[in-house]
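K.L.:
Quick note on numbering: my numbering labels position 213 of the sequence shown as 262, and the sequence is numbered without any gaps. We put the beta carbon where it would ideally sit given N, CA and C, even for glycine. Every value quoted in this text rests on a predicted model; they were computed, and no experiment measured them.
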Amino acid sequence: MFHQHASRRSVIGSALGLAIASLTFSASAADFPGSEPIKLVVPFPPGGLTDVLSRLLAQGLAEELKGTVIVENVAGATGKLGMNKVAKAVADGRTLVMSLGTTHVMAPALYKDLPYKTDQDFVAIGGTGVSKLAVIANPKLQASGLQELLAIARKQEQPMIYGSWGTGSGGHLLMEVIQQYGKLAMTQAPYKGEAPMLNALMGGEILFGVSSVGAALPLIKDGRLKALGVTGTSRSGLLPSVPTLDEQGLKFAGSMGWFGLFAPAKTPAPVVEQLTTALTAVLARPQVQEKMRSLGLETQTSSRAEFERQIKEDLVYWRELVTKAKIEVPN
Numbered sequence: 050m051f052h053q054h055a056s057r058r059s060v061i062g063s064a065l066g067l068a069i070a071s072l073t074f075s076a077s078a079a080d081f082p083g084s085e086p087i088k089l090v091v092p093f094p095p096g097g098l099t100d101v102l103s104r105l106l107a108q109g110l111a112e113e114l115k116g117t118v119i120v121e122n123v124a125g126a127t128g129k130l131g132m133n134k135v136a137k138a139v140a141d142g143r144t145l146v147m148s149l150g151t152t153h154v155m156a157p158a159l160y161k162d163l164p165y166k167t168d169q170d171f172v173a174i175g176g177t178g179v180s181k182l183a184v185i186a187n188p189k190l191q192a193s194g195l196q197e198l199l200a201i202a203r204k205q206e207q208p209m210i211y212g213s214w215g216t217g218s219g220g221h222l223l224m225e226v227i228q229q230y231g232k233l234a235m236t237q238a239p240y241k242g243e244a245p246m247l248n249a250l251m252g253g254e255i256l257f258g259v260s261s262v263g264a265a266l267p268l269i270k271d272g273r274l275k276a277l278g279v280t281g282t283s284r285s286g287l288l289p290s291v292p293t294l295d296e297q298g299l300k301f302a303g304s305m306g307w308f309g310l311f312a313p314a315k316t317p318a319p320v321v322e323q324l325t326t327a328l329t330a331v332l333a334r335p336q337v338q339e340k341m342r343s344l345g346l347e348t349q350t351s352s353r354a355e356f357e358r359q360i361k362e363d364l365v366y367w368r369e370l371v372t373k374a375k376i377e378v379p380n
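Laid out in structure tokens, this is it:
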């Protein structure tokens with residue numbers, strides 16, 4: 050099951066103060082085709098990271114497009130309901146969805162009953178941000194990096210137990226990558242969200258696990274937890290002293306933790322281009338970047354073509370990993 054970062058909802062909501070879902074600016078029909086509001090669907094409940102990011106970008110998009118952008122939460126079925134609504138929507142550029150790696154490239158690998166195909170029913174407007182993941186540990190664990198963790202694991206008579214925020218989550222799949230790389234087995238302890246997992250780590254119930262950098266950052270800074278490595282090919286701007294897993298020898302093709310804006314597949318190319326231009330302008334705003342950093346997000350820097358190429362590679366990669374690891378989740 051996929052879980053949003055519920056532990057941060059109250060902090061995120063107050064940090065931005067974006068309680069208004071509908072943002073309107075004077076417009077002329079020449080600025081963007083049609084006069085109806087643009088709906089930005091969030092396939093998760095209000096208050097989570099995907100929701101708050103969507104509201105932040107909706108404000109900027111409304112300004113760039115000189116129109117109205119309404120954020121609509123369509124939660125349920127681990128994101129499937131909202132994704133399906135946009136997949137089946139009229140392809141005129143006025144119904145968009147904020148998707149993320151778990152819903153867009155991991156879900157097709159995990160679920161056999163998706164009522165849509167992410168590689169056929171959506172067109173990318175652009176990547177919006179990245180929430181890097183970190184392998185984190187209780188300070189009592191005598192490991193400062195990935196290789197030391199694997200060395201400790203190999204010495205154990207029983208598989209070491211790690212924490213994730215649920216079976217099929219990004220944290221779970223990252224640990225499957227690590228196990229395949231290290232040629233060893235570990236046992237997952239799936240928690241109902243990041244907050245209970247982080248509490249279990251601090252309490253010594255488990256000694257290591259995977260979390261988003263943003264959620265774990267305050268606990269790492271005050272010494273209650275430590276980071277052993279982060280995802281991505283470059284270090285996190287929030288934890289610049291922590292080496293990437295790539296630096297530590299773990300090189301894998303799949304990307305993790307990304308967010309992206311999508312439209313129905315048959316949206317006209319000029320409309321897609323206009324939306325991409327608007328999104329790029331919003332993401333370039335210093336105040337938007339600063340607010341994203343406060344959420345533990347880093348802005349997406351790849352072009353739309355690069356983003357689309359990465360999605361195609363991710364779909365292949367995660368399908369192969371899930372099949373090899375024999376991961377099963379309830380539909």
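For the alpha helix (DSSP H) containing S343, list its first residue and its last residue.
P.N.:
Note, S343: alpha helix (DSSP H), 335–343.
K.L.:
Could you check the C-alpha separation between K375 and K166 for me, to the nearest Å?
P.N.:
Each residue's alpha carbon lies about 21 Å from the other.
K.L.:
On a Cα-Cα basis, can you pick out the residue from L324, L277, E355, K137 that is closest to P313?
P.N.:
For P313, the nearest C-alpha among the options comes from K137.
K.L.:
Between T372 and the rest of its own chain, which residues show a CB-CB distance below 6 Å, the 5 nearest in sequence each way excluded?
P.N.:
So no residue of the chain qualifies.
K.L.:
Would you identify the three-state DSSP class for V172, choosing helix, strand or coil?
P.N.:
Residue state, collapsed to three classes: strand.
K.L.:
Quick check on the burial criterion: 16 or more other C-beta atoms within 10 angstroms. Buried or exposed for P319?
P.N.:
It counts as exposed.
K.L.:
Measure the C-alpha to C-alpha separation of W307 and S148 and round it to an integer number of angstroms.
P.N.:
Using only the alpha carbons, I get a separation of about 9 Å.
K.L.:
Taking contact to mean 3 or more Cβ pairs, one atom from each stretch, closer than 8 Å, check whether the segment 244–264 and the segment 178–186 are in contact.
P.N.:
They touch, by the three-pair rule.
K.L.:
Going by DSSP in three states, N248 sits in which element: helix, strand or coil?
P.N.:
In the structure shown, N248 sits in a helix (DSSP, three-state: H, G or I).
K.L.:
Are the beta-carbon atoms of G263 and L346 separated by less than 8 Å?
P.N.:
Yes, Cβ-Cβ distance for G263 and L346 is below 8 Å.
K.L.:
Scan the segment 178–224 and note each continuous beta strand (DSSP E) run of 3 residues or more that stays entirely inside, going in chain order.
P.N.:
Qualifying beta strand (DSSP E) stretches, in chain order: 182–186, 210–213.
K.L.:
Using 10 angstroms around the beta-carbon of A265, count the other beta-carbons present and answer buried if the total reaches 16, otherwise exposed.
P.N.:
Flag for A265 reads buried.
K.L.:
Where does V123 fall in DSSP's three states?
P.N.:
In the structure shown, V123 sits in coil (DSSP, three-state: anything other than H, G, I, E or B).
K.L.:
Return the CA-CA distance between L324 and D100, expressed in angstroms with no decimal places.
P.N.:
Roughly 19 Å between the two C-alpha positions.
K.L.:
Should the segment 125–132 be regarded as contacting the segment 148–158, the criterion being three or more beta carbon pairs within less than 8 Å?
P.N.:
Enough Cβ pairs lie closer than 8 Å, so yes.
K.L.:
Which class does L47 belong to by DSSP, given the choice of helix, strand or coil?
P.N.:
Nothing in the structure corresponds to residue 47, since the chain is present only between 50 and 380.
K.L.:
So, helix, strand or coil for K275, using DSSP?
P.N.:
Strand.
K.L.:
Is the separation between the beta-carbon of I360 and that of A173 shorter than 8 Å?
P.N.:
The answer is yes: Cβ separation under 8 Å.
K.L.:
Quick one, are the C-beta atoms of G219 and P239 less than 8 Å apart?
P.N.:
Not a contact, by the Cβ cut-off of 8 Å.
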